[in-house]
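Residue 10 in our numbering sits at position 9 of the sequence shown, and the numbers go up by one each step.
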Amino acid sequence: FVAGADISEFAARSPEKQREAVFGRRIYEGVADFKKPIIAAIHGFCIGGGCELALACDVRVADKTARMSQAEIRIGLIPGGGGTQRLARLVGRGWTTIMSLTGDFVEAEDAHHIGLIDVLV
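Right, here's the structure in full:
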């Protein structure tokens, strides 16, 4: 699915590239507000921006290899695409706090159990 951004590029970002990050947030908003249902198919790692994108979708379908994380917190970044708000609506405050403060991975079966994944195949 999506492993997220290449964090090694962050330090060398030009002002123009920093403005592109705002465009990224608009993509998540566009997905979340789209008039037709959008289904995320998740296989393997779904990290950072990939997790944000999946959270913006209406339905998340994943196989048993899926592992989801807001790992950017491990390097001092805050999930910036509205993902923490969407995550809280899906899984509640407790799991949102755990995922947002630790950056730990949630395995597919646990993600399905807490409502982060809608369909596990």
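All residues carry an ideal CB built from backbone N, CA and C; glycine is no exception.
Keep in mind that this is a model prediction, so the values were computed, not measured.
In the three-state scheme derived from DSSP, where H, G and I count as helix and E and B as strand, residue 55 is classed as helix.
For residue 68, the enclosing beta strand (DSSP E) starts and ends at 68 to 70. Taking a cut-off of 8 Å on C-beta distances, the stretch 102 to 118 touches the stretch 67 to 74, as three or more cross pairs fall below it. Straight-line spacing of the CA atoms in residue 43 and residue 122 works out to 10 Å. Under the DSSP assignment, residue 75 falls outside any alpha helix (DSSP H); it carries neither an H nor an E label. Going by C-alpha positions, residue 65 is about 16 Å away from residue 52. With a cutoff of 8 Å on beta-carbon distance, residue 57 and residue 47 are scored as not near each other. Close CB contacts of residue 92 within its chain, under the 7 Å cut and outside five residues either way in sequence, are with 115, 116 and 117 (chain order). As a beta-bridge residue in DSSP terms, residue 43 pairs with 63. One alpha carbon belongs to residue 97, the other to residue 76, and they sit about 18 Å apart.
When DSSP reads this structure, residue 48 sits in a beta bridge with 70. Annotation for residue 74: 80, 101, 102, 103 and 104 place their beta carbon closer than 8 Å to its own, counting only its chain and skipping 5 residues before and after.
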